[in-house]
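Which chain is which? The protein sequence lines are E and P, in order.
To convert, count from 1 in the first sequence and add 1; that's this note's numbering.
To convert, count from 1 in the second sequence and add 1231; that's this note's numbering.
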Amino acid sequence: MQELNLRITGADWERLRKHCAPSFRTRRDTEYGAIGLLGKRCVNGTIRELIVSEIVWPEAGDVLSQPHHALTFSSRYMRRAHMKVRTRKLAGLITFHTHPRANEAVSFSGYDDEQDPLLVENLQELSPGTLLSSVVLGKGSQQGRVWISPHKQVPIGNLVSVGSALRYLPLDGRPSRPAPAPSEIFDRALALTGSGALAVLAQRTVAVVGASGTGSLMCELLARAGCKRVLVIDHEVVKLVNLNRILYATAEDAELLRPKAEVLKRGIESLGLGCEVIAIVGTILDNDVMRLLSQADVVFGCVDKDYPRALLCKYVYQHLLPYIDVGAEIGGDEEGIVSADTRVNYVAPGRWCLRCTGLVTARRLAFESLTTPERKRKIALGYSDDLLLKQPAVMDLNMSAASNGMMLLRHLLQPFLLEPFPVTLAQNQVTYNLKAVASPRARNDACDICRNNAQYGFGDCGKPIGLPPEVAAALRSED
Amino acid sequence: MQIEKAKAEIDQLASAGTVVELVTLGVQPFVVVGGVEAPCPPWDRKVYEILIAIPVAYDLGTALDGFYLALPYKFQDGEHNRVNGQVVSFRNQDWKAVSWHYPDGKPFRLEVDNIESHIVHCRGFFLQRGAVNART
């Protein structure tokens, strides 16, 4: 059975720990806690992850203290949270509470074991199928479980916190333990990425959307960093013009029109690094393909179009995933080349989306999301020449972009870069300038993709993202 | 459904009395707008129908641009030089693309613009601004 994890934003996790900190500071042994709302991520109909969509912070009178300082949530507080679950069609509720004397290991008490089944029974009477998850917090450990029914509970493997870092904390009640040493192949990377971070990378699935110049390099870097499972998504086949930049692509692949994703699978798996590549031949615009991202723990965007970027942003805020977008751009004027930039953007809960950063523009998004005949009519009118410019296909530039993307992932797993990571990190090869863009160029505090996303953390409880296959096919240009 | 926001805007416009309908040509959504007033002369009638393409990513925040004019039409007993695009056939009628764009300094703005304001922008073509453009 696949491990079940609990996903939460870094900001919520930090605030929750802060909210509960007095529990471990005073001598009164008072329990602290809060209730959260749960979304979920499923693979083939089976729940893979629970997502904390929102924490409903307690107000005065919401948390009642029982004899022996045990905590009970008031029925008013429970109702308020449950009402939100019902109106938003979410998966259920999660309760967090502390055990003040648990300085090292922590576990559910007999009182918890008695109360949780009663609560889930109550919730399921009101709305059948509602899940109840509970997490008990010790000073340096936590234990979690989910109740499918009053008689069936399932332990939760890890708490995944996504924000300025990507942290995996065990929910088995025991304090974090040192990770096993990696195989000697990865020994010399330990100076940058410790064994704990390497172990996380080895156990996770990383999706790479786009298997062309930058995407193929990204897969190579992931495999050589110790990632054991890469999901590659691309709908295109290899052409002769791609041979200057796609790793492992051959003239024969171009002749036989082999899909880029499958060529990459063949190449990466032949390295002998134990990295499995799942090749998906399809466009990420298609909601059937987008749905396959439910297997992913991290997403790399290596595409040169705005529409897939915008949809990926929408997806990652709904599923609380980290998304690293990498790309390269060459700018010029009559005098010649003025910039040759590589760029990395990090999109995650609490950070700005690519529309707010100004990378995705309303005009380009409109152009790309017209059907092919309508786009041709638009081109015929003129005024679209700038939208037809192709991104550079220069392997050296792609390499720099992919390299910066990989460094960012290493940093998320084990921070070593200066914080906060900028909105955009751009490297101009012409001027030797590394530019950290600190503020979003098109900031919108009401943005319905990032700041004001109505389905934030809903996961699969929210609306599917992407287009019906026939619409996605109608948008695919002949490039 | 990808264009729920567009649908909601169109429903709201329709309920406020604008002659407007969301249609699809293949899978490409369009808005048909009726009752677009024009001064006659120089136009050959007082009311026109126009067709506006809606990008399928409209709900993600796209700009709108240009429109199609139902054929036949006459402007100053001839053709308007900005009605110069390709023709699309829809409902047994030909519609020609009009090169009517937002100026560089005044682009479609996501925070304030929508289908309603784009219709207003398109109406400008039939008024003084469009007539001036026909001469230049």
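Note that beta-carbon positions come from the ideal geometry of N, C-alpha and C, so glycine has one too.
Bear in mind that the values here come from a model prediction, so they are computed numbers and not experimental data.
In the DSSP assignment, E:P171 falls within the unbroken beta strand (DSSP E) covering 167-171. Residues of chain E whose Cβ lies closer than 8 Å to the Cβ of P:S1330 are, in chain order, L382, G383, Y384. Taking 7 Å as the threshold, the shortest C-beta distance from P:T1255 to chain E does not fall below it. Shortest Cα-Cα distance from E:I325 to any of E:R189, E:L413, E:K464, E:Q116 involves E:L413.
Boundaries around E:N346 are those of the beta strand (DSSP E), 337-348, since no alpha helix (DSSP H) includes it.
The three-state secondary structure of E:S401, taken from DSSP, is helix.
When 8 Å is used as the limit between beta carbons, P:P1334 is near no residue of chain E, the shortest such separation being about 11 Å. DSSP places E:F368 within a helical segment (H, G or I) once states are collapsed to three. Using a Cβ-Cβ distance cut-off of 8 Å, the segment 343-354 of chain E and the segment 5-17 of chain E are in contact, since at least three pairs of beta carbons, one from each stretch, lie closer than that value.
Of all C-beta pairs linking the segment 1304-1317 of chain P to the segment 1232-1244 of chain P, fewer than three are shorter than 8 Å, placing the two stretches out of contact. In the DSSP annotation of this structure, the continuous segment of the beta strand (DSSP E) that includes E:P156 starts and ends at 153-156. The segment 129-143 of chain E and the segment 95-106 of chain E touch, with three or more beta-carbon pairs separated by less than 8 Å. Against chain E, the CB of P:L1244 has no partner CB under 7 Å away; the residue lies outside that interface. Under a 10 Å Cβ-count criterion, E:K379 is classified as buried, with 16 or more other Cβ atoms of the shown protein chains found around its own Cβ.
Burial is judged here by how many other beta carbons sit within 10 angstroms of a residue's own beta carbon; P:E1268 has fewer than 16 and is exposed. A Cβ-Cβ separation of about 15 Å leaves E:L468 out of contact with E:L293 under the 8 Å criterion. Residue environment: E:G93 is assigned as buried (16 or more neighbouring CB atoms within 10 Å of its CB, all protein chains considered). Counting the other CB atoms within 10 Å of its CB gives E:R80 a total below 16, which places it among the exposed residues.
Within chain E, the residues placing a beta-carbon under 8 Å from that of P:L1341 are A363, N445, ordered along the chain. Of the residues P:D1290, P:R1322, P:I1283, the one whose Cα lies closest to the Cα of P:S1330 is P:I1283. From the listed residues E:S108, E:L355, E:P176, the smallest Cα separation to E:T425 is found for E:L355.
Look at the segment 1272-1293 of chain P: the residues with a C-beta under 7 Å from a C-beta of chain E are A1284, P1286, V1287, A1288, L1291, G1292, T1293. Contact check between the segment 169-180 of chain E and the segment 57-74 of chain E: fewer than three CB pairs, one atom from each, fall below 8 Å, which does not count as touching.
Taking C-alpha positions only, E:V64 is separated from E:V147 by approximately 21 Å. Distances from the CA of E:E105 to each of E:D397, E:Q144, E:A71 were compared; the closest alpha carbon is that of E:Q144. Spanning the alpha carbons of P:S1320 and P:Y1299 requires a straight line of approximately 11 Å. E:H98: member of the beta strand (DSSP E) spanning 93-99, first to last residue. Counted as a single uninterrupted DSSP element, the stretch harbouring E:A475 is not any beta strand (DSSP E) but the alpha helix (DSSP H) occupying residues 470-476.
The criterion of a C-beta distance shorter than 7 Å is not satisfied by E:V239 and E:A262. With 16 or more other Cβ atoms from the protein chains shown falling within 10 Å of its own Cβ, E:V201 counts as buried. Residue pairing by DSSP places P:Y1279 opposite P:V1267 in a beta bridge.
Residues of chain P whose Cβ lies closer than 9 Å to the Cβ of E:K315 are, in chain order, L1291. Taking E:D446 as the centre and dropping the five residues before and after it, the same chain places the C-beta of R452 closer than 7 Å to its C-beta, in chain order.
Looking at the DSSP output, E:S66 bridges to E:L72. The beta-carbon distance between E:T206 and E:Q296, rounded to whole angstroms, is 5 Å. This is short enough to meet the 8 Å contact definition.
Between the C-alpha atoms of P:L1358 and P:P1270 there is a straight-line separation of about 7 Å.
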